[in-house]
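Visitor: The structure's right below; bear with me while I get my questions together.
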Amino acid sequence: MIFGCHVSIRGGYLSAAKHAKQIGAQAYQYFPKNPRSLSVKEFDLANAESCRRFCKENGLFSIAHTPYPTSITPPPAKKELNIVSILNDLAIADACGSTGIVVHFGSRISEENPLASYHLMLDMINSILEKWDGGCLLLLENNAGKQAALGTAIEELVQVRNLSKYPAKIGFCLDTCHAFASGMWDGSNTKAFKEKADALGYTEHLKAIHLNNSIHPHGSRKDRHANIYKGGKILPEQMEDMISAFSDIPFILETPSDFGVSHEEEIRVLKRLELSRPAKTTRKKGE
């Protein structure tokens, strides 16, 4: 199993990768540019390529996360700004060797026409991906459901990918806190959740999991992350059931660091799950 966390690029892309390795992470996530701005970044290509080489040499998996203001259901005045910003994120992440960039599923834009948001999302995604020829994927993330957020059901995420013109350029990122808060997953229905994900073709294109506990209860539709084993409403055994169910997908922490628990410590504890798993045995034919 692969565990990692979100890291800062304050010292550059290569520095971020080195920091991840230093704290024992096997995977990491980063903002490719200022997380509070959609401005296009003129990035250091040599530093990004050095990051790519370092990750390849050290077996590090990475994804990037689009800035907070990013939207694939933006108002008309900000449509082009978002398209250009996301293309910039894709270019940076691709240069760094990342598997994909995470973008949150869209929000409801019309009370009268429930399909308007999905039409806009598809238009945005198609406009972005028709201009994108790199290997980095656009990763759709499920929402917690706050305000007018959509993307609280596996079916929505899969359908948007299926209806796009470029499904091969799209993957998914599952956030466990969002799944719990939205009601998608209640902690006790992991087997059924996984079976549905498999049947709908979601798991096949799931590239990363944001491993976060939730401060608020199931169905609250509130997005507030908690540490895996401290202060969360998702029970430890429920988190571990989810980890076991999706054990071949990289897990990346976005947990808080202001409650006396560091990412390094959480990763160290989570790695023990791999050691505690029963060894696989190979049965001979006829046994």
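Residue 311, in the numbering used here, is where the sequence shown stops; the numbers in between run on with no holes. Each residue gets a CB set at the ideal place from its N, CA and C atoms; glycine is no exception.
Nearest CA to the CA of residue 177: which residue from 143, 210, 250?
Guide: Ranking the options by Cα distance to residue 177, first place goes to 210.
Visitor: Assign residue 3 to one of three DSSP states: helix, strand, or coil.
Guide: In the structure as shown, the chain begins at 25 and stops at 311. Residue 3 is therefore absent and cannot be evaluated.
Visitor: Need the endpoints of the alpha helix (DSSP H) that residue 50 sits in, please.
Guide: Per DSSP, residue 50 belongs to no alpha helix (DSSP H) and is neither H nor E.
Visitor: What are the boundary residues of the alpha helix (DSSP H) that residue 103 is part of?
Guide: Per DSSP, residue 103 belongs to the alpha helix (DSSP H) from 103-119.
Visitor: Taking 8 Å as the threshold, find out whether the segment 126-138 comes into contact with the segment 239-256 through three or more Cβ pairs.
Guide: Taking 8 Å as the limit for Cβ pairs, the verdict is that the segment 239-256 does not touch the segment 126-138.
Visitor: Excluding the 5 residues preceding and the 5 following residue 262 in the sequence, name in chain order all residues of the same chain whose CB lies nearer than 8 Å to its CB.
Guide: Excluding residues within five positions, the ones whose Cβ falls inside 8 Å are 211, 212, 214.
Visitor: Helix, strand or coil, according to DSSP, for residue 78 in the structure here?
Guide: Residue state, collapsed to three classes: helix.
Visitor: Excluding the 5 residues preceding and the 5 following residue 98 in the sequence, name in chain order all residues of the same chain whose CB lies nearer than 6 Å to its CB.
Guide: Closer than 6 Å at the Cβ level, and outside the excluded window around residue 98, lie 106.
Visitor: Give me, in chain order, the residues of the same chain whose beta-carbon lies closer than 6 Å to that of residue 169; leave out the 5 immediate sequence neighbours on both sides.
Guide: Cβ neighbours of residue 169 beyond the five flanking positions: 176, 206, 245.
Visitor: Tell me the rounded alpha-carbon separation between residue 181 and residue 249.
Guide: Cα to Cα, the separation comes out at about 22 Å.
Visitor: Could you check what DSSP says for residue 70 in three-state terms: helix, strand or coil?
Guide: Helix, per DSSP.
Visitor: Go ahead and pull the three-state DSSP assignment for residue 186.
Guide: Residue state, collapsed to three classes: helix.
Visitor: Identify every residue that forms a DSSP beta bridge with residue 15.
Guide: The shown model of the chain, from 25 to 311, leaves out residue 15, and the question about it has no answer.
Visitor: Among residues of its own chain, excluding the 5 on either side of residue 195, which ones have a beta-carbon nearer than 6 Å to its beta-carbon?
Guide: Once the five neighbours on either side are set aside, the close Cβ partners of residue 195 are 124, 161, 163, 229, 231.
Visitor: Should residue 95 be labelled buried (16 or more other beta-carbon atoms within 10 Å of its own) or exposed?
Guide: Buried, since its Cβ has 16 or more Cβ neighbours within 10 Å.
Visitor: Residue 277 by DSSP, collapsed to three states: which one?
Guide: Looking at residue 277 - three-state DSSP - the assignment turns out to be strand.
Visitor: My output table needs one value for residue 244: the three-state DSSP class, helix, strand or coil.
Guide: Note: residue 244 maps to coil in three-state DSSP.
Visitor: Within this structure, are the beta carbons of residue 92 and residue 59 separated by less than 8 Å?
Guide: Yes; because the gap between Cβ atoms is below 8 Å, this pair is in contact.
Visitor: Just the C-alpha distance for residue 143 and residue 190, rounded to the nearest angstrom, thanks.
Guide: Rounded to the nearest angstrom, the two C-alpha atoms are 15 Å apart.
Visitor: Exposed or buried, which one is residue 37 when buried takes at least 16 other CB atoms within 10 Å?
Guide: Burial call: buried.
Visitor: Below 6 Å CB to CB, which residues in the same chain sit around residue 9 once its five sequence neighbours on both sides are set aside?
Guide: The requested residue 9 does not occur in the structure, where the chain is confined to residues 25 to 311.
Visitor: Our contact map puts residue 252 next to residue 279 with C-beta atoms below 8 Å; I'd like the distance itself, whole angstroms only.
Guide: That pair is a contact at about 6 Å.
Visitor: Does the Cβ of residue 77 have 16 or more other Cβ atoms within 10 Å, making it buried, or fewer, making it exposed?
Guide: By the 10 Å Cβ count, residue 77 comes out exposed.
Visitor: Quick check on DSSP: helix, strand or coil for residue 203?
Guide: In the structure shown, residue 203 sits in a helix (DSSP, three-state: H, G or I).
Visitor: Comparing alpha-carbon positions, which option in 193, 71, 32, 290 lies nearest residue 151?
Guide: That would be 193, whose Cα lies nearest to the Cα of residue 151.
Visitor: Out of 296, 291, 298, 297, state which residue places its alpha-carbon closest to the alpha-carbon of residue 44.
Guide: Taking only the C-alpha atoms, the option nearest residue 44 is 291.
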